[in-house]
Structure formats: structure tokens, C-alpha cells
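Novice: In the numbering used here, the protein residues as written are 916 to 1053.
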Amino acid sequence: MRSDFTFWITFPTRFRDMDAVGHVNSSVYFTYFENGRTEFFSRSGVSDSRVPGKWGIPVVSQTCNYRDQVHHPETLDVGVRCSELREKTVHLVYEIYRANSDQLVADGSSVSVWADLEAGKSVPLPSDVRAAIESFAG
């Protein structure tokens, strides 16, 4: 439900998002989620805490439920919110709507883990990262 979200990005579909059937390909919705997720982390200040090659917050699980077809050209609103913070993980949920409407076209979720990329393992969320997400997510 739109009212569950305070963070939104809006963008147009691209011709290349379409498949042979003429609608947005199912795999592209994960790119839409990625666009929302990276912007959410960037605006929260989390991206400032990452060190390329050292620390990162990769996705380890994600889901997508397709509610309605989308064709090009179309403008979409993607809502992102943090549903849970655990010791090492950030759980996000997403909803995609046709712009300026209440027509839900997809929803989903993802789990990202704070990782020491050099060691190749998950580590606890740093306190500044946790605080940034909590503050931004309200």
C-alpha cells in the first residue's frame, strides 16, 4: 500500500526493458528494485560508509510478485522501505506502481548483508550504518 512508504523514486521504462511478448521482462523488475535500493542506501548515507573492494552490502536474497503487465512507454514509481534490521542484514520491501496512480504492478523484498569483501564473509552492521538506516527510515 502506497501509504506504507515514504521513500520513492520515479523513472520511465526503457525500450530495452521489453521482451518478445511486448511487456517489461520479468527479470527487469529486479533492476527496478536495484535502482530503488541503491538510491535508498545512497540517500541514507550508507553508500558513504562503503569502501570499494573492502566493505559492501550485497543482496543475498530477493523476491518479486508480478501484479500487472507494464508496457513501454510507461513511468513508474518505486517505493522502498526497511522492514527489518538484524545483526548483519538489512531487509527491504518494494512496491512498484504506475506513476501517479494506485495501480500496483509489482512488489517484492530483498535481504542484503554487510560484508567484508576481502575476507568473503558477512560481518555485523557497523553502528554508523545502522544509525543512518534507522534515521533515514524513520
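Note that the Cβ used here is the ideal one computed from N, Cα and C, for glycine as well.
Run through the DSSP bridge pairs and tell me what MET933 is partnered with.
Specialist: Beta-bridge pairing links MET933 to VAL939.
Novice: Give me the residue from ALA935, ARG958, GLU1010 with the minimum Cα distance to TYR944.
Specialist: Among ALA935, ARG958, GLU1010, the Cα nearest to that of TYR944 is on GLU1010.
Novice: Below 8 Å between beta carbons: does that hold for LEU1007 and VAL1020?
Specialist: Their beta carbons are not under 8 Å apart, which means LEU1007 does not touch VAL1020 by this criterion.
Novice: Excluding sequence positions up to five away, which residues of its chain have a Cβ less than 6 Å from the Cβ of VAL1028?
Specialist: If we look at VAL1028 and ignore the five residues flanking it on each side, its Cβ neighbours are VAL975, LYS1003, THR1004, SER1037.
Novice: According to DSSP, is GLY951 helix, strand or coil?
Specialist: GLY951 falls in the helix class under three-state DSSP.
Novice: Looking at LEU1032 and the ligand SAH, is the gap between the Cβ and the nearest heavy atom below 7 Å?
Specialist: Ligands are entirely absent from the displayed structure, and the ligand SAH is therefore not among its contents.
Novice: Mind listing, in chain order, the continuous beta strand (DSSP E) runs of no fewer than 3 residues lying wholly within the stretch 980 to 1047?
Specialist: With a minimum length of 3 residues, the continuous beta strand (DSSP E) runs that stay inside the stretch 980 to 1047 are 990 to 1000, 1004 to 1013, 1019 to 1028.
Novice: Can you grab the Cα-Cα spacing for the pair GLY960 / VAL1044, in whole Å?
Specialist: Roughly 8 Å separates the two Cα atoms.
Novice: Are THR946 and PRO988 closer than 8 Å when you measure CB to CB?
Specialist: Against a cut-off of 8 Å, the Cβ pair of PRO988 and THR946 comes out as no contact.
Novice: Hey, how far is the Cα of SER1042 from the Cα of LEU991?
Specialist: Cα-Cα distance, rounded: 34 Å.
Novice: Helix, strand or coil for THR978 per DSSP?
Specialist: THR978: strand per DSSP, three-state reduction.
Novice: Tell me which same chain residues have a C-beta within less than 8 Å of the C-beta of PRO1039, skipping the five on either side of it?
Specialist: Excluding residues within five positions, the ones whose Cβ falls inside 8 Å are GLU1002, LYS1003, TRP1029.
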